[in-house]
Each structure stands twice: as C-alpha cells, then as structure tokens.
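Beneath this line is the structure, given in structure tokens, with notes to follow.
Numbering (my numbering), first residue to last: 232 to 483.
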C-alpha cells in the first residue's frame, strides 16, 4: 500500500517532506522539536473528545492528548503515518476531528492555503486547530536565508499572516505562544550555556522565539433568531364625542 502511494504521490512534495524529515531528525531539528513537545503537551492536556488529527513531516511520535479517545496521524506515505493522503486532499469527513495539529505542515508544503483549508474543514464547530511554525522574525528565520539544508526550503510564514487566514476560515484566535529562544547552534556546549536564557525568555514570552504556536477555535454556528412578525396598523382609534347632559331642573 505504501509503495503504491509513493508511486501516485507528487514527487516534488515527497522530496520536500523527506528533506524536512531528515532535517528535523538532526541536532537542530531535535532541539526545536523538544521545546515544541513541552509546549504541546501542556496545551493538549485540556482537550477531550473523539479524535485528534496530527499532520507534520517529523519522524517522531507526535504529542498526544490523553483525554482524546483516538489520536491519528496522517500525511505523506512515510513510516509512522497511519493515514496516507495528499496535503490538499484529506480523506476525512467534514467536522470529523475535535483537535487538529499542524506541526510544521505549513512550513514544508506546496500549497499552504490548500493544506490549511483541509485542516480547517476537518475541525468540528467548537473544536480547535493548533499550528506550529518556524518564526521568520527570529534567529531561526534568519538562518533559513543562509542555510544549505532543508531549512532553506521552509516557508516560515509569519504568525500574524496565519492568524489572518484563520480568521477568514471562521476561526477565533485564542492563544499565541513562542518557544525555543536559543539560536540554531549545533554545539551542545553553547546550547547548555544558553539554557538559562531559554527559561527567562520563555517566561516573558518574547516574540523572538524560534517557533510559534497558534491555538484557534472554530466558531460555532448559532441558532437563527426567530423573525418577529410585523403587525400592520389597522387604523387609529378616534375618541367618540360624548353627549352633553342638561343638568338644569325642568320647568313645571
């Protein structure tokens, strides 16, 4: 089944996802994913329901919501993916998931609008869409300009722009968080020295983190108000004149 899916998939898309998976498996990608896992584990604790859907190029087992009955992973035909699909054609019915997580899905895709539309359509009204992306206004976004690896192919769409797209798709942004303030340095010694800065900057939630997390809720469609029947006026009430009463005594 996987070999058949490989044969039918877009080769450019497969090459992009494979390169992203290799980069995320390296030292820099692991640093980013470790910080993301801490934040996602914290966020996913408050969700419950029937299905959580995860989409992203990482080879690691994605963070899961313990109170959600079924955590499903979909994406390219690669090891660990349970449901194979194209980024612009998810095999899910509308409003099928309580929670959808896009972890670097928008960073490494051919059609960010198409992918976001599929993810948005899969969320039930009142459900949540969580998006993790590389922050272009950070040292990680700057490294992308000079990189010679898969990071150079990342789109690094700004969180404000993604928030605008979510608003057009009927989502209300509930939370915006940042993480991984350490610069993209492969040296373990430097990463150890900067661990304290990670805690301080994370506590302040400065906007220069290497990744961002957007939490958005799909707006529920309320009941249509009953239209009041307009009553047309039937006319004005005109007071009738009263008859005068003669109170003088009658003559004999």
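No residue lacks a Cβ here, since even glycine has one placed at the ideal position from N, Cα and C.
Straight-line gap, residue i to residue j (C-alpha atoms, nearest Å)
i	j	result
residue 343	residue 313	22 Å
residue 388	residue 291	23 Å
residue 275	residue 328	14 Å
residue 390	residue 348	17 Å
residue 181	residue 346	Any question about residue 181 goes unanswered here, given that the chain covers just 232 to 483.
residue 359	residue 403	9 Å
residue 302	residue 439	31 Å
residue 218	residue 265	The structure shown does not extend to residue 218, since the chain spans only 232 to 483, so no value can be given for it.
residue 297	residue 304	15 Å
residue 286	residue 331	8 Å
residue 409	residue 273	13 Å
residue 333	residue 393	12 Å
residue 396	residue 445	12 Å
residue 241	residue 256	23 Å
residue 351	residue 251	23 Å
residue 284	residue 311	13 Å
residue 385	residue 338	5 Å
residue 262	residue 269	11 Å
residue 253	residue 399	33 Å
residue 320	residue 309	17 Å
Endpoints, the alpha helix (DSSP H) within which residue i is located
i	result
residue 377	370–377
N-terminal and C-terminal residue of the beta strand (DSSP E) that residue i is part of
i	result
residue 345	That residue, residue 345, is in no beta strand (DSSP E); its alpha helix (DSSP H) goes 343–353.
residue 329	328–334
residue 439	Counting along the chain, residue 439 falls outside any beta strand (DSSP E), and DSSP gives it neither H nor E.
residue 302	299–306
residue 286	280–286
Three-way DSSP call (helix, strand, coil) for residue i in this model
i	result
residue 260	helix
residue 271	helix
residue 397	helix
residue 248	helix
residue 241	coil
residue 416	coil
residue 255	helix
residue 404	strand
residue 361	strand
residue 448	strand
residue 320	strand
residue 356	strand
Proximal residues to residue i (C-beta, below 8 Å), its chain only, five neighbours per side dropped
i	result
residue 456	With a pLDDT of only 45 at residue 456, under the threshold of 50, the placement of this residue in the model should not be trusted; the figure read from the coordinates follows. Result list for residue 456: empty, nothing under 8 Å.
residue 411	262, 263, 266, 267, 371, 429, 440, 441 and 442
Residues of its chain near residue i, where Cβ-Cβ distance is below 6 Å and the 5 sequence neighbours each way are ignored
i	result
residue 414	370
residue 374	415
residue 323	353
residue 367	387 and 389
residue 325	352
residue 357	451
residue 316	305 and 322
7 Å CB neighbourhood of residue i in its chain, flanking five on each side removed
i	result
residue 278	296, 298, 299, 329, 330 and 359
residue 340	318 and 346
residue 407	390, 443 and 445
residue 372	365, 366 and 387
residue 453	Here the model assigns residue 453 a pLDDT of 48, short of 50, so the residue's position is not dependable, and the following value carries that caveat. Result list for residue 453: empty, nothing under 7 Å.
The ligand NAD heavy atom lying under 7 Å from the CB of residue i
i	result
residue 412	Absent from the structure shown: the ligand NAD. Ligands present: none.
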